[in-house]
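First the structure, in the form of structure tokens, and then the observations on it.
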Amino acid sequence: MKSLVAYYSRTNITKKLAENIASKTDADIEEIIPKVNYQGKMGYARGGKHAIQEKIIDLEPLKYNPEDYDVVYLGAPVWASRAANPLISYIKENEGKFSNVKFFMTAGGSGFESSFKQLEKVTSLKPQATLELTTKEVKSGNYDSKLSDFIG
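Numbering-wise (the working numbering), the sequence shown opens with residue 69 and increments by one.
Have a look at this one:
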């Protein structure tokens, strides 16, 4: 099965998880890079505002076409109880190109359920699986059993 891991990460927590998923599934990996700066304190505030507004932003050019994959793993951090808007922008840019999806989210503590519902709405797909991990779990590396269940 041909897999793609597409993710956005502001602080490299989601990136660490995405790379782990890609290595365990032998998937291609696509980092979603926004043309908007979300770094630092101002970027953090801008990200929360954009997430609440569900603002669609411009992204750097992408390498992979999700249509070419049997399953696409879509991941991002939770911002203001929503999926980070660079991921939403990626999904909108690739509308209709997903057949099977799995969602993974990272967060300081909460907002997973509303983020997953948002992703279902935006993709118009029910995910094959979801994975939610806190920043603490990802940093500790103690999530192998959750990851195995998610990958299947």
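Virtual Cβ for every residue (Gly too), placed ideally from N, Cα, C.
Remember, predicted model here, so these are calculated numbers, not experimental data.
Candidates the options: which alpha carbon is nearest residue i's?
i	options	result
Arg-150	Glu-128, Lys-160, Val-140 and Met-173	Met-173
Asn-133	Val-146, Ser-216, Tyr-158 and Trp-147	Tyr-158
Gly-176	Lys-207, Phe-218 and Val-139	Lys-207
Val-169	Ser-77, Gly-179, Met-110 and Val-139	Val-139
Ser-183	Thr-203, Lys-131, Ser-77 and Trp-147	Trp-147
Arg-203	Val-73, Lys-84 and Ser-71	Arg is not the amino acid found at residue 203; the sequence shown has Thr there. The shortest Cα separation from Thr-203 among Val-73, Lys-84 and Ser-71 belongs to Lys-84.
Gly-179	Arg-78, Leu-199, Gly-108 and Glu-98	Leu-199
Ala-197	Gly-220, Gly-209 and Tyr-211	Gly-220
Leu-155	Ser-71, Ser-213, Lys-70 and Arg-78	Arg-78
Leu-187	Ser-71, Asp-212 and Tyr-75	Tyr-75
Asn-153	Ile-124, Tyr-112, Gly-143 and Ile-89	Ile-124
Asn-162	Lys-109, Asn-80 and Glu-98	Glu-98
Mind checking which residues open and close the beta strand (DSSP E) that includes residue i?
i	result
Glu-128	It is not in any beta strand (DSSP E) - Glu-128 carries neither H nor E in the DSSP assignment.
Name the two residues that bound the continuous alpha helix (DSSP H) containing residue i.
i	result
Glu-205	203–208
Lys-214	212–219
Please check the pair residue i and residue j, which I expect to be a contact at CB under 8 Å, by giving their CB distance rounded to whole angstroms.
i	j	result
Pro-145	Thr-82	5 Å
Task: Cβ contact (3+ pairs, closer than 8 Å) linking the region 111–126 and the region 90–100 - done: no
Open item on the list: Can you confirm whether the region 179–193 touches the region 104–113 when touching is taken to mean that 3 or more C-beta pairs between the two stretches lie within less than 8 Å?
Closed with: Because the criterion of three Cβ pairs below 8 Å is not met, the region 104–113 and the region 179–193 do not touch.
Task: Complete alpha helix (DSSP H) runs within the region 69–117 (minimum length 4 residues, chain order) - done: 81–93
TODO: Jot down the residue ranges of each uninterrupted beta strand (DSSP E) in the region 133–195, minimum 3 residues, whole runs only, in chain order.
DONE: 139–147 and 169–175
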